[in-house]
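**Q** Numbering of the sequence shown is given in the numbering used here, commencing with residue 1479 and proceeding in unit increments.
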Amino acid sequence: MKRTIKNLAVIFMMVIAFCLVAVQASAADASALSFTACEGGVMVSDCNESAKGEVKIPAEYNGSKVVKIGDNAFDNCVDITSVIVPEGVKVIGNSAFEGCMNLAEISLPESLTTISSYAFFGCDALKTVALFPNVTAIEEYAFYDCASLESIAIPEGIETVAAGTFGECAALKTLFIPISVKNVESSAFINCKALENVYYTGSMFAWYGITWYEDNDSLVNTSTSKFGHVHAHTPLVTTQPTCTEKGKATFTCECGNAYKGDVDALGHKAETIPEVKATCTEAGSTAGEKCSGCGIILTPTSIIPATGHKTVVDAAVAATCTATGLTEGKHCDFCGEVFVKQEVVEKIGHKFDYESLKKATTTENGERKGTCKLCGYQADEVLYNVSVFKLSTSKCTYNGKKRTPSVTVKDSAGNELIKDRDYTVTYADGRKKPGVYNIKVTLKGEYEGSKTLKFTIAPGKTSNIKATATKTNAVKLTWKEVTGTTGYRVYVYKTTGGKTRTKVASVTTNSYTLKKNYAGKSLVMGTEYKIAIVAYTKISDKTVIFAENGVAYTFKFAPSAPTLKVTSPSKGKAKISWSDVSGETGYQIYYSTDGKKFTKLDSYKGWPDAQTKSGFKSSSTCYFKVRAYTKVGSKTVHGAFSPVVSVKIK
Ligand SMILES: [Zn+2]
Ligand SMILES: [Zn+2]
Ligand SMILES: [Zn+2]
Ligand SMILES: [Zn+2]
1479 MKRTIKNLAV IFMMVIAFCL VAVQASAADA SALSFTACEG GVMVSDCNES
1529 AKGEVKIPAE YNGSKVVKIG DNAFDNCVDI TSVIVPEGVK VIGNSAFEGC
1579 MNLAEISLPE SLTTISSYAF FGCDALKTVA LFPNVTAIEE YAFYDCASLE
1629 SIAIPEGIET VAAGTFGECA ALKTLFIPIS VKNVESSAFI NCKALENVYY
1679 TGSMFAWYGI TWYEDNDSLV NTSTSKFGHV HAHTPLVTTQ PTCTEKGKAT
1729 FTCECGNAYK GDVDALGHKA ETIPEVKATC TEAGSTAGEK CSGCGIILTP
1779 TSIIPATGHK TVVDAAVAAT CTATGLTEGK HCDFCGEVFV KQEVVEKIGH
1829 KFDYESLKKA TTTENGERKG TCKLCGYQAD EVLYNVSVFK LSTSKCTYNG
1879 KKRTPSVTVK DSAGNELIKD RDYTVTYADG RKKPGVYNIK VTLKGEYEGS
1929 KTLKFTIAPG KTSNIKATAT KTNAVKLTWK EVTGTTGYRV YVYKTTGGKT
1979 RTKVASVTTN SYTLKKNYAG KSLVMGTEYK IAIVAYTKIS DKTVIFAENG
2029 VAYTFKFAPS APTLKVTSPS KGKAKISWSD VSGETGYQIY YSTDGKKFTK
2079 LDSYKGWPDA QTKSGFKSSS TCYFKVRAYT KVGSKTVHGA FSPVVSVKIK
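This is how it looks when you write it as structure tokens:
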């Protein structure tokens, strides 16, 4: 009797079932069991009486199917609490679990047909037992004195409830009796005083047709008997279904009647694999479908080959006397990629047969009269003087490459003149090293005169500026040599004092020692200064090209050496004091027992009062020195040490 289910409650039940299965799996233990051969396979013949907790009986032993729980196999295993009997077992033998007083749960297989006499006799803790439709025999006293058993459903098909089967089940509250039952033998339900919900599939007439042994009268007369009961089974999933495989569930009615059945496979859940369009150069793929549950491909995708470019020609446009043209180009009509770029063709300019021509100069207008040989344009007009001569760039920084800036020439009406027709350009040689170069524009054709433009290549920016050997009154500056320079100017900025810079020196090498007192001025200790080194190239006495401001470097002069005083006021102690110097961040004190090897005793932020230190050896001579330090960012600049002071410790 297998059924399948198709309702949503299953999903909820599955979650619960999954949790239960997971917990049970870790507690299984079958090492306590013994097996012997029997008809059709092997049987569990014994269980060690010290076995505890859950016992999961294997479905096979040494390659043979376990088909039976032997007589007395588990009797008096008082510490086992639950037993899982595998599918395949058909018979539970006489007294198999008799006296298992802590056995609270037992999971029986669908394959079970026979529960022999006294099988669960005296299982005090057993609360509920699900029996499946294949059970056709429950023998005498099988569940006698199961004092905690709350519910039992007698399998449909059983005709006789044998003597003592459920006797003394004092907690039995819910009972199902199928219509197949015709006889109830002596003591089958004796002293089942808690019976409350008795379900019966037959009519009241059939109920009173059952032959009862007289000591079962309390059951016969139970006023809560429910006649004509119709089962309503609810599934508890024990094996999860997958997309393609059925799952398992136990279906149970409130009356206790149960059967095991399948749960429908979930079926694949189609999910679209989106189409990927092919491009000119890359293949795409058609849309497909896959299962969102197991990932299997349901509808495979197929490759869409790359389309390849579709090349179209961009036609050339001829230049005219007054309008620019374009060269022929090529591009892809699909993706727009340009294969041959269209270049602008300069306008041709009129070519006159002159009746008269007065040439324009840089200062004076001219005049033309005549007809264009190309387009027929008839001119009788002013030729404006040439007033604009412009370089694309007039100053750049040395980079080791030759420079050729372009030239734009316009008349005073704003019309651009045409190179080679209206003027030629002559560049001075070189144009690589720092210097000033001439670029001469010579007018021709309808124009006359010339103009010389200046183009400057400046030396590079100074970099890698460092301050080394920072001393109280001086700091040595070095920097990377700049190609093509005549020399460098050294400037000082006060970082807290705005943007004004002061020129300190002009040098011809890439180093300079900046002194605190220079040219009658004085820099201040403890103040942060920035320096800038500007490279320059001297062209003549009148012409000097300066580079951009070199990278500035922040520094401070080192603080001066303090004056130190040390006395010994009492046993093992030294009292240390020193003069406050300016511009310091703090002080570091060193001491020595031999005047040669000094170690750091302490360090202070700011200038502290006199410090008394203890722990010196009595009657020894100790040596001390102190120095100030200052910080530039995270870098520490140390001042010079004070002279060493010795003291005899009391
Ligand atoms: Zn039912
Ligand atoms: Zn699937
Ligand atoms: Zn393309
Ligand atoms: Zn023309």
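For glycine and all other residues, C-beta sits at the position ideal for the given N, C-alpha and C.
Computed from a predicted structure; not experimentally measured.
Assign phenylalanine 1683 to one of three DSSP states: helix, strand, or coil.
**A** helix
**Q** Going by the C-beta, is threonine 1777 closer than 8 Å to any heavy atom of ligand 2?
**A** no
**Q** Can valine 1676 and valine 1662 be called in contact, C-beta distance under 9 Å?
**A** Going by C-beta atoms, valine 1676 is not nearer than 9 Å to valine 1662.
**Q** At the 9 Å Cβ level, is threonine 1514 part of the contact set with chain C, yes or no?
**A** No chain C appears in this structure, which consists of one protein chain only.
**Q** In angstroms with no decimal places, state the Cα-to-Cα distance between glutamine 1502 and leucine 1776.
**A** In this predicted model, glutamine 1502 has a pLDDT of only 34, less than 50, meaning its place in the structure is not dependable; the value taken from the coordinates is given anyway. Roughly 36 Å separates the two Cα atoms.
**Q** Report the CB separation of serine 1941 from leucine 2042 in whole angstroms; it is logged as a contact under 8 Å.
**A** About 42 Å; that fails the 8 Å criterion.
**Q** Would you mind sorting valine 2125 into buried or exposed? The rule is 16 or more other CB atoms within 10 Å of its CB.
**A** buried
**Q** How about glutamate 1815: is its Cβ closer than 8 Å to a heavy atom in ligand 3?
**A** yes
**Q** Could you check what DSSP says for glutamate 1859 in three-state terms: helix, strand or coil?
**A** Judged by DSSP in its simplified three-state form, glutamate 1859 adopts strand.
**Q** For threonine 2114, count neighbouring C-beta atoms within 10 Å of its own C-beta (all shown protein chains included) and say buried if the count is 16 or more, exposed if not.
**A** exposed
**Q** Which class does serine 1865 belong to by DSSP, given the choice of helix, strand or coil?
**A** In the three-state DSSP reduction, serine 1865 falls in the strand class (E or B).
**Q** Residues in its own chain within less than 8 Å of tyrosine 2007 by CB, not counting five upstream and five downstream?
**A** Val1970, Tyr1971, Lys1972, Thr1973, Leu2001, Thr2032, Phe2033 and Lys2034
**Q** Where do the N-terminal and C-terminal ends of the beta strand (DSSP E) with aspartate 1623 fall, by residue?
**A** Premise fails: aspartate 1623 is in no beta strand (DSSP E) and is neither H nor E.
**Q** Where valine 1816 and valine 1791 are concerned, what is the direct C-alpha to C-alpha distance, given to the nearest angstrom?
**A** 10 Å
**Q** According to DSSP, which residues form a beta bridge with arginine 1979?
**A** As a beta-bridge residue in DSSP terms, arginine 1979 pairs with Tyr1971.
**Q** Taking the alpha helix (DSSP H) that leucine 1697 falls in, what are its first and last residues?
**A** 1695 to 1698
**Q** Under 8 Å, with one C-beta from each stretch per pair, do the stretch 1982 to 2001 and the stretch 2067 to 2078 reach the 3-pair mark?
**A** no
**Q** Going by DSSP in three states, glutamate 1821 sits in which element: helix, strand or coil?
**A** coil
**Q** Where do the ends of the beta strand (DSSP E) carrying valine 1533 lie?
**A** 1531 to 1534
**Q** Can you list the alpha helix (DSSP H) stretches of 4 or more residues lying completely in the stretch 1702 to 1751, in chain order?
**A** none
**Q** List the DSSP bridge partners of valine 1885.
**A** Leu1869
**Q** Do lysine 2053 and serine 2096 have their CB atoms nearer than 9 Å?
**A** no
**Q** Can you look up glutamate 1634 in the DSSP assignment and give me helix, strand or coil?
**A** coil
**Q** As a quick check of your reading: which residues have a C-beta less than 5 Å from at least one non-hydrogen atom of ligand 1, in chain order?
**A** His1709, Cys1731, Cys1733 and Asn1735
**Q** By how many angstroms is the C-alpha of cysteine 1731 removed from the C-alpha of alanine 1761?
**A** Distance between the alpha carbons of alanine 1761 and cysteine 1731 is about 60 Å.
**Q** Roughly how many whole angstroms lie between the Cα atoms of lysine 1605 and glycine 1725?
**A** 27 Å
**Q** Tell me, please, whether the stretch 1627 to 1634 touches the stretch 1576 to 1586 by the rule of three or more beta-carbon pairs shorter than 8 Å.
**A** Of all C-beta pairs linking the stretch 1627 to 1634 to the stretch 1576 to 1586, fewer than three are shorter than 8 Å, placing the two stretches out of contact.
**Q** Is the beta carbon of histidine 1828 within less than 8 Å of some heavy atom of ligand 4?
**A** yes
**Q** Report the three-state DSSP secondary structure of glutamate 1767 (helix, strand or coil).
**A** Annotated three-state conformation of glutamate 1767 is strand, per DSSP.
**Q** Count the other C-beta atoms from every protein chain shown that fall within 10 angstroms of the C-beta of histidine 2116, then say buried if there are 16 or more, exposed otherwise.
**A** exposed
**Q** Would you list the one or two residues that DSSP bridges to glycine 1762?
**A** Ile1782
**Q** Does the stretch 1919 to 1934 touch the stretch 1949 to 1966, meaning 3 or more C-beta pairs lie closer than 8 Å?
**A** no
**Q** Exposed or buried, valine 2074, counting other C-beta atoms within 10 Å across all chains shown (16 or more means buried)?
**A** What sits at residue 2074 in the sequence shown is lysine, not valine. It is exposed - the Cβ of lysine 2074 has fewer than 16 other Cβ atoms within 10 Å.
**Q** Kindly indicate which three-state DSSP category glutamate 1806 falls into: helix, strand or coil?
**A** Residue state, collapsed to three classes: coil.
**Q** Just how far apart, CA to CA, sit serine 1834 and asparagine 2027?
**A** 57 Å
**Q** Counting C-beta neighbours from all protein chains within 10 Å, is the total for alanine 2088 16 or more, i.e. buried, or is it exposed?
**A** exposed
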